[in-house]
């Protein structure tokens, strides 16, 4: 299975190559997106000055000039989420076909399974960074307010700016979500299942729970864990495990937390809680706040207690 050891070259077979090459382009861009997001500092000071000095045109212009390129970045992130959705559909189609069992798929198509893991890793990392950066929402809110004011005052803004009102509305829905990339992936996986009614839902859920199980075993078994090249590999496995649990919880009618779930949730949560708290708080929060079925009556008290905030 490919989700264990980072750094190894995952060479696609001929059968995998077409899908692999399409997804690889997206994953290469994902690295640049994370770099951009990590270095996103926002225009907080310029916006503060503009709000405090509403009648000073020069201050207003300075704030607008600072915000516009940042919104260009936010547009890039949003458009990337749409490409990520397309990649996920391609991977799910390959990894869940009726040709063989989910376990056989993951064994035979290791390069594609690895790419699926990379997408999950990117998604949770993106959302962790977004959640800890309030400048994103502040900058975008200021941009939209200013754009509306320009429109009311008949200032030509729409044509000159790459984010017009219609696109700004769609982006606003995206960024209003605490975990926008995860929501994109959850919606995309749910759509994949509903669009492919000829495919048993188990093909998708079994693929997800197999990946969760592999990650859990690798993280909790000292022999496997000792082979990890670095702590980055541990983070990678943890993010992938949480990502597939969340997707499973959205796609499976009863969710991931019910007693009959094929994912051993207590073991997965224990693995998370055995890590240094600072490194997994975001992942525990993802399970607490972005899953669909955690608060259902069918979820055991023990699991709810394990995920309680200390």
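Residue numbers (UniProt numbering): 1 to 310. Glycine included, each C-beta is placed from N, C-alpha and C at the ideal position.
Taking just the CA atoms, how far does residue 216 sit from residue 222?
12 Å
To the nearest angstrom, how far is it from the Cα of residue 113 to the Cα of residue 296?
Here the C-alpha atom of residue 113 lies approximately 31 Å from the C-alpha atom of residue 296.
CB-CB under 7 Å to residue 64, same chain, minus the five flanking residues each way: which ones, in chain order?
146
Report back the beta-carbon spacing between residue 240 and residue 120 to the nearest angstrom; my notes put them in contact at under 8 Å.
Under the criterion of beta carbons closer than 8 Å, residue 240 and residue 120 qualify as touching, at roughly 5 Å.
Alpha helix (DSSP H) segment containing residue 121, residue limits:
110 to 131
By how many angstroms is the C-alpha of residue 210 removed from the C-alpha of residue 311?
It is not possible to answer for residue 311, since the shown part of the chain is limited to 1 through 310.
Per DSSP, residue 233 forms a beta bridge with which residues?
Answer is none; residue 233 lacks a bridge partner.
The ligand SAH heavy atom lying under 7 Å from the CB of residue 179
Among the ligands in the structure shown, none appear at all, so the ligand SAH cannot be discussed.
DSSP three-state label for residue 309, please.
coil
State buried or exposed for residue 312, treating a residue as buried only when at least 16 other CB atoms are found within 10 Å of its CB.
Residue 312 lies beyond the range of the chain shown here (1 to 310); nothing can be said about it.
Residue range of the alpha helix (DSSP H) that residue 40 falls in?
First-last for residue 40: undefined, no H or E at that position.
Judging by CA-CA distance, which residue of 102, 251, 255, 245 is the nearest neighbour of residue 284?
245
If you draw a straight line from the C-alpha of residue 124 to the C-alpha of residue 181, how long is it?
About 8 Å.
Would the region 162 to 179 count as touching the region 190 to 207 if we require 3 or more Cβ pairs under 8 Å?
no
Who are the Cβ neighbours of residue 280 in its own chain at under 6 Å, not counting the five residues just before and after it?
272
Per DSSP, which one or two residues make a beta bridge with residue 19?
Partner(s): none; residue 19 has no beta bridge.
Does the pairing of the region 133 to 141 with the region 254 to 269 give three or more beta-carbon distances under 8 Å?
no
One question on the structure: do residue 108 and residue 100 come within less than 8 Å of each other, judged by their Cβ atoms?
yes
In three-state terms, what does DSSP make of residue 302?
helix
Just the Cα atoms here: how many angstroms apart are residue 11 and residue 73?
Here the C-alpha atom of residue 11 lies approximately 32 Å from the C-alpha atom of residue 73.
By the three-class DSSP mapping on this structure, what secondary structure does residue 11 have?
Residue 11 falls in the coil class under three-state DSSP.
Distance check for residue 47 and residue 13, CA to CA, integer angstroms please.
52 Å
Indicate whether residue 189 and residue 247 have their beta-carbon atoms separated by less than 8 Å.
Annotated as proximal: residue 189 and residue 247, with beta-carbon spacing under 8 Å.
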